[in-house]
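Novice:
Residue numbers (our numbering): 1 to 750.
1. Going by DSSP, what residues sit across from residue 209 in a beta bridge?
2. Do the segment 93 to 108 and the segment 154 to 162 meet, that is, are 3 or more Cβ pairs less than 8 angstroms apart?
3. Please list, in chain order, all residues of the same chain as residue 733 whose beta carbon is under 7 angstroms from its beta carbon, the five residues on each side excluded.
4. With burial defined as no fewer than 16 other Cβ atoms inside 10 Å of the residue's Cβ, what is the status of residue 687: buried or exposed?
5. So the beta strand (DSSP E) residue 142 belongs to, where does it begin and stop?
6. For a test of the three-state rule: what should DSSP assign to residue 186, helix, strand or coil?
7. Which stretch, first to last residue, makes up the beta strand (DSSP E) that contains residue 740?
8. What is the residue span of the beta strand (DSSP E) that residue 614 lies within?
9. Once the 5 residues before and after residue 631 are set aside, which same chain residues still bring their CB inside 7 angstroms of it?
10. Whose C-alpha, out of 51, 266, 369, 250, is nearest the C-alpha of residue 330?
11. Roughly how many whole angstroms lie between the Cα atoms of residue 696 and residue 205?
12. Please list, in chain order, all residues of the same chain as residue 679 whose beta carbon is under 6 angstroms from its beta carbon, the five residues on each side excluded.
13. Among the residues of its own chain, which have a CB less than 6 angstroms from the CB of residue 320, if the five just before and after it don't count?
14. I need the DSSP call for residue 745, collapsed to helix, strand or coil.
15. For residue 591 and residue 149, what's the separation of their Cα atoms in angstroms?
16. How many Å lie between residue 37 and residue 583 at the Cα?
17. Can you give me the C-alpha to C-alpha distance between residue 203 and residue 344, rounded to a whole angstrom?
18. Let me know the beta strand (DSSP E) ranges lying completely inside the segment 291 to 344, each 3 residues or longer, listed in chain order.
19. Would you call the segment 383 to 393 and the segment 402 to 411 touching, i.e. three or more CB-CB distances under 8 angstroms?
20. Indicate whether residue 119 and residue 73 have their beta-carbon atoms separated by less than 7 angstroms.
21. Would you call the CB atoms of residue 425 and residue 597 closer than 7 angstroms?
22. What are the start and end residues of the alpha helix (DSSP H) that includes residue 506?
23. Would you list the one or two residues that DSSP bridges to residue 257?
24. Would residue 398 be called buried (16 or more neighbouring beta carbons within 10 Å of its own) or exposed?
25. Are the beta-carbon atoms of residue 754 and residue 682 separated by less than 7 angstroms?
26. Where do the ends of the beta strand (DSSP E) carrying residue 443 lie?
27. Candidates 659, 548, 484, 224: which alpha carbon is nearest residue 438's?
28. Within this structure, are the beta carbons of residue 603 and residue 536 separated by less than 7 angstroms?
29. Mapping the DSSP letters down to three states, classify residue 418 as helix, strand or coil.
30. If you run the structure through DSSP and keep just helix, strand and coil, what is residue 405?
31. Nearest to residue 377 by alpha carbon, out of 510, 186, 44?
32. Do you know offhand how far residue 684's Cα is from residue 714's?
33. Would you kindly report the start and end of the unbroken beta strand (DSSP E) that includes residue 728?
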């Protein structure tokens, strides 16, 4: 054993260093933190022997044996000095909990680690080196590797849509392959309770099901199921949960359960109405979106019940962390609740935020008594953080920094880098999503440690996590499309040190991951052509350059300029395209027969100071559109596209009014559309054509109007409350395609 450890150590001194440009043959993802090339190769075949030092090593070896079996290589466990793979677990190696050493020489492959997780990750690296090869000839290399962060996670929301244990296992397999170690399981929310609690059976008998109108349009549905009518839902029995937790543990993944409280609790309140301040189920506002009523913070029965729930949860999940939500809690009901007001008086609490803090501290005290750590979304900072709580920061990184500065553990999960429910491309061509924009390259730019955080506080940052909220993901195929390949980028930035991150090289190694997904029947989003904005404005002849993000991997781009869908029979992109008039440019990338979604850009010719829209900007907090005509704008300016209307990047609580003269070339019936988050209206010649008012998620509405040839007054009103925001408007052609308003047909009113 000592000889093996010494040999692994000497190997790192003998191998030549590897610069960033010398990564040929290293197909490991995430990229190892120390990698040195040797000379020669090791040929792995059916005659290769396997030596496992100890039962723990033998257990981890099962994953290697299974992977090689798929390549028709059956290893025999027997003693050998050459043509052998040697697996060792020994605490004296000093590789830490998750680190490993991998040495490939001409004679043997040696993987060593201090702990089983490290050996497992070393085996995953070896499996990845074997991928894409019929004859497994492995480059001689010496790798010493360990993760940058302890928490490398993914959250799956199964309240909004339920996917079942086989899909969860499929995701766990992929997480393990890329060395992710935390599966955050969002099991309860307004839309469904997904975990069996034996003491409170109505949580799943009632709370796991909601009304299904068959439309496929989710839109924050919380209507309880009615007997004898279609319903949607499901839940995991405790036996199934134990099975999944054990499956994850074999792959060195800790499952962190989330039981939402005190907000996002409609499913629980529907099952047990006495949990609410009003003693009855909450019903959503039919006009506009609002957060649901919370659990009653003044009712002792709430704490008694949730301690009983957590007692059963703790028995199912060995995780040291229990997630309790704490986000987006509507506190207004507490202000009018006698029990909550009595609680505030008794506990000498002066604000509703302090009442939520009291709630969380009660829950934390119970969890600590059971040897668990409370973790919650960053709203738990408001009113005072429970003494030992960890914070998951989603509203940017400010909450995480505040927690770290106060000496609390933090998992960074900001929306801008980590929300996998965001669009990956243009809203015009991608499947419907919650909003936002998070392409692969932006995920790869994520760093959980803010530059402005005091280095003395860096150790409080446990790591990071991506979140998969499933409001608009109805099927496993859509779920997978939103996760992959972005999960691979997240895995690399959480494992690999910053100085070793190279996006171009990541794309080269990504190809092997995509091939593996193909082989396993897992859906994913093929990288699409880049460089095409949703709308581009030109004043004269222009050349448009399309970027092929996987050119080095053999991908080909096909394009069209007539609005048709590009495919293998279309023109191949070889050089920049000259555009002389208003054009719909579409492009698709193909690799190994799989095509990407269409990248589309409407390229409009316009004339500055002649074309454009007058835009008025207003500040205000609304739940419905105000009468902008009676208000004084904060400022006014001219824009050429609706997407340019918020140049200062204001996030919340503002409104916009657009005015222009719109040119119609041919008389007839026209269909207009608005896609917005939040409320919007579209007027033609003073007539309301589309009314999409209220606070709501991104959505689309259309309206028809008969127009004569000539100029028509076009007005658009929009307001943004809080959260996601988007606004797009235009016409719909006979094919049902949405065409943004052509700036060349909008004229400034004099």
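Glycine included, C-beta positions come from ideal geometry on N, C-alpha and C. All figures in this text were calculated on a predicted structure; none of them were measured in a lab.
Specialist: Taking the structure as given:
1. Your numbering for residue 209 matches position 209 in the chain shown. 233, per the DSSP bridge assignment.
2. no
3. Here residue 733 corresponds to residue number 733 of the chain shown, with the count starting at 1. Within the same chain, residue 733 has close Cβ partners 739.
4. Translated into the one-based positions of the chain shown, residue 687 becomes position 687. Exposed, by the Cβ-count rule.
5. Reading the chain shown from its first residue, position 142 is the one you call residue 142. Run containing residue 142: 136 to 145, per the beta strand (DSSP E) assignment.
6. Counted from its first residue, the chain shown places residue 186 at position 186. In the structure shown, residue 186 sits in a strand (DSSP, three-state: E or B).
7. Residue mapping note: residue 740 aligns to position 740 of the chain shown, counting from 1. Per DSSP, residue 740 belongs to the beta strand (DSSP E) from 738 to 740.
8. The residue you call residue 614 lines up with position 614 of the chain shown. Unbroken beta strand (DSSP E) run through residue 614: 613 to 619.
9. Residue 631 sits at position 631 when you count from the first residue of the chain shown. So the list reads 618, once near-sequence residues are dropped.
10. Taking the chain shown and counting its residues from 1, the one referred to as residue 330 is at position 330. When each option's Cα is compared against that of residue 330, the closest is 266.
11. For the purposes of this step, residue 696 is taken as the residue at position 696 of the chain shown. For the purposes of this step, residue 205 is taken as the residue at position 205 of the chain shown. Residue 696 and residue 205: Cα-Cα distance of roughly 29 angstroms.
12. Numbered from 1 along the chain shown, position 679 holds the residue referred to as residue 679. Counting only Cβ-Cβ distances below 6 angstroms, and skipping sequence neighbours, we find 625, 693, 694, 719.
13. The residue labelled residue 320 in the question sits at position 320 within the chain shown. Correct list, in chain order: 373.
14. Numbered from its first residue, the chain shown carries residue 745 at position 745. The answer is helix: DSSP assigns residue 745 an H, G or I state.
15. Counting from 1 along the chain shown, the entry for residue 591 is found at position 591. Counting from 1 along the chain shown, the entry for residue 149 is found at position 149. Computed Cα separation, rounded: 33 angstroms.
16. Along the chain shown, read from residue 1 onward, the residue named residue 37 stands at position 37. Along the chain shown, read from residue 1 onward, the residue named residue 583 stands at position 583. Between residue 37 and residue 583, the C-alpha separation is close to 50 angstroms.
17. Your numbering for residue 203 matches position 203 in the chain shown. Your numbering for residue 344 matches position 344 in the chain shown. Roughly 29 angstroms between the two C-alpha positions.
18. Listed in chain order, they are 321 to 325.
19. yes
20. Taking the first residue of the chain shown as 1, we reach residue 119 at position 119. Taking the first residue of the chain shown as 1, we reach residue 73 at position 73. No, these two residues do not count as a Cβ contact at 7 angstroms.
21. Position 425 of the chain shown holds residue 425. Position 597 of the chain shown holds residue 597. Taking 7 angstroms as the Cβ cut-off, residue 425 and residue 597 qualify as a contacting pair.
22. In the chain shown, counting from the first residue as 1, residue 506 sits at position 506. Counting along the chain, the alpha helix (DSSP H) containing residue 506 begins and ends at 503 to 520.
23. The residue labelled residue 257 in the question sits at position 257 within the chain shown. DSSP output for residue 257 lists 185 as bridge partner(s).
24. Sequence index remark: in the chain shown, residue 398 carries index 398 (1-based). Residue 398 should be labelled exposed.
25. The displayed coordinates of the chain run from 1 to 750. Any statement about residue 754 would go beyond what the structure contains.
26. As a first step, residue 443 is located in the chain shown; it is residue number 443 there, counting from the start. First-last for residue 443: 440 to 444, but that is the alpha helix (DSSP H), not the beta strand (DSSP E).
27. Taking the chain shown and counting its residues from 1, one reaches residue 438 at position 438. Closest option to residue 438, Cα to Cα, is 484.
28. By one-based count along the chain shown, residue 603 stands at place 603. By one-based count along the chain shown, residue 536 stands at place 536. Yes. Within cutoff.
29. Position 418 of the chain shown, counting from 1, holds the residue named residue 418. Residue 418 falls in the helix class under three-state DSSP.
30. Position 405 of the chain shown, counted from the start, is the residue given in the question as residue 405. Looking at residue 405 - three-state DSSP - the assignment turns out to be helix.
31. As a first step, residue 377 must be located in the chain shown, where it is residue number 377. Taking the Cα of residue 377 as reference, the smallest distance to any Cα among 510, 186, 44 is reached at 186.
32. Along the chain shown, one-based indexing puts residue 684 at 684. Along the chain shown, one-based indexing puts residue 714 at 714. Roughly 5 angstroms between the two C-alpha positions.
33. Your numbering for residue 728 matches position 728 in the chain shown. Counting along the chain, the beta strand (DSSP E) containing residue 728 begins and ends at 726 to 732.
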